[in-house]
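Let me begin by presenting the structure, written as C-alpha cells, before commenting on it.
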C-alpha cells in the first residue's frame, strides 16, 4: 500500500510539472495570450524610433501640432496664434 501511494504521488508531481510547462500557452518564452487570443510579449512595450511630437512645432507638409491636431495655416502672432 505504501508503495502504491509513493507511485501515485510521483505521478501527480510529474503531471503538475507538465502543466507548468504549458504556462506560456504556446507563445514561447517571454510571451502570453492577450484578450483576443493573440501572443503578446511580457513587460512594457517600448517603441523605438517613434516620432516625438512637440506642441507648437511646425512639421513640414503637416503644419503646427497643438497636442490634438495639425494646423496648416497657423502662425505665431502677438504672443498667441493667428489662423489664415
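Numbering (the working numbering), first residue to last: 2 to 85.
Where is the CB? At the ideal position from N, CA and C, for every residue including glycine.
Contact set for residue i: own chain, Cβ-Cβ below 8 Å, skip 5 residues either direction
i: residue 57; result: 65, 66 and 67
i: residue 45; result: none
Whole-angstrom distance between residue j and residue i, CA atom to CA atom
i: residue 76; j: residue 39; result: 46 Å
i: residue 70; j: residue 41; result: 30 Å
i: residue 31; j: residue 79; result: 54 Å
i: residue 50; j: residue 63; result: 19 Å
i: residue 91; j: residue 48; result: Outside the shown range of the chain, which is 2 to 85, sits residue 91, and nothing can be said about it.
i: residue 29; j: residue 37; result: 17 Å
i: residue 52; j: residue 11; result: 56 Å
Distance between beta carbons of residue j and residue i, contact taken as under 8 Å
i: residue 74; j: residue 60; result: Not quite, the Cβ-Cβ distance comes to about 14 Å (not below 8 Å), so this is no contact.
Beta-carbon proximity list for residue i, same chain, < 6 Å, skipping 5 on both sides
i: residue 7; result: none
i: residue 35; result: 41
i: residue 54; result: 66
i: residue 20; result: For residue 20, the pLDDT reaches just 48, beneath the cut-off of 50, and the residue's location in the model is therefore unreliable, leaving the point undetermined.
i: residue 82; result: 75
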